Every structure is written in structure tokens, then in C-alpha cells.
Amino acid sequence: LAAVKEATDFILAHPAEARDIFMKSHPDLNDALNREAFAATLPYFAKDPAALDVGRYDRFAGFLKESGLLDAIPPIDTYAVEVGAK
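Laid out in C-alpha cells, this is it:
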């Protein structure tokens with residue numbers, strides 16, 4: 141995930157350059173809609189992709205239970221790990 145973090149850091153620091161690199165690699169996607177979509181997704185990039193947000197997982201598990209998709213909320217350590225945790 142170190143490479144993902146490095147790429148994310150670059151995208152967030154240089155969004156126009158990152159967009160241009162992406163569009164050059166995928167010219168079929170170089171249109172107004174995809175340029176807008178690229179910009180719209182920037183706030184949703186995780187600042188640290190390797191970090192485990194336990195609260196977020198807990199909230200989503202609660203949502204799944206309330207929606208009837210889970211009978212019980214399993215312990216987080218049965219389905220997620222902290223990358224780099226010892």
C-alpha cells in the first residue's frame with residue numbers, strides 16, 4: 141500500500157497533472173464528464189490508504205445489521221486488519 145499512498149499523495153498535491161496523466165493513458169475517457177468525475181472524486185481519496193478506520197467499519201456493520209443483511213455484527217478482527225500492525 142506504500143505505492144498507493146504515494147500515488148494518492150501525488151494526485152491530491154497535483155490534481156490537474158494527475159488528471160492529464162490519466163487522460164493521456166486513457167484517451168477514450170478524455171471528455172467533459174470524466175474530467176468532472178475526476179475532480180469530484182478527489183475529496184474521497186483516503187489520506188492514508190493503509191489506515192484502518194475502525195469507527196467507519198463499525199458504522200457500516202451497524203448499517204448492515206439494521207438493514208437485515210447481518211444477523212449479528214462480527215468482531216472487526218475477523219474481517220479486517222491494520223496493515224503494518226505488529
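Residue numbers (the numbering used here): 141 to 226.
We put the CB at the ideal spot given by N, CA and C, even for glycine.
Note that the structure is predicted; figures quoted are calculated from it, not measured.
Going straight from the alpha carbon of residue i to that of residue j, what length do you get?
{"i": "Glu82", "j": "Ala201", "result": "There is simply no residue 82 to check, as the chain begins at 141 and stops at 226 in what is shown."}
{"i": "Ala158", "j": "Val144", "result": "14 Å"}
{"i": "Asp160", "j": "Leu210", "result": "42 Å"}
{"i": "Arg175", "j": "Ile151", "result": "14 Å"}
Select from the options the residue whose C-alpha is nearest the C-alpha of residue i.
{"i": "Leu141", "options": "Leu169, Ala186 and Ala180", "result": "Ala186"}
{"i": "Ala153", "options": "Val194, Thr218 and Ala179", "result": "Ala179"}
{"i": "Leu192", "options": "Ile216, Ile161 and Arg159", "result": "Ile216"}
{"i": "Gly195", "options": "Phe150, Glu146, Ala220 and Ala156", "result": "Ala220"}
{"i": "Thr148", "options": "Pro189, Ala212, Arg199 and Asp171", "result": "Pro189"}
Does the stretch 156-170 come close enough to the stretch 196-216 that 3 or more CB-CB pairs lie under 8 Å? no
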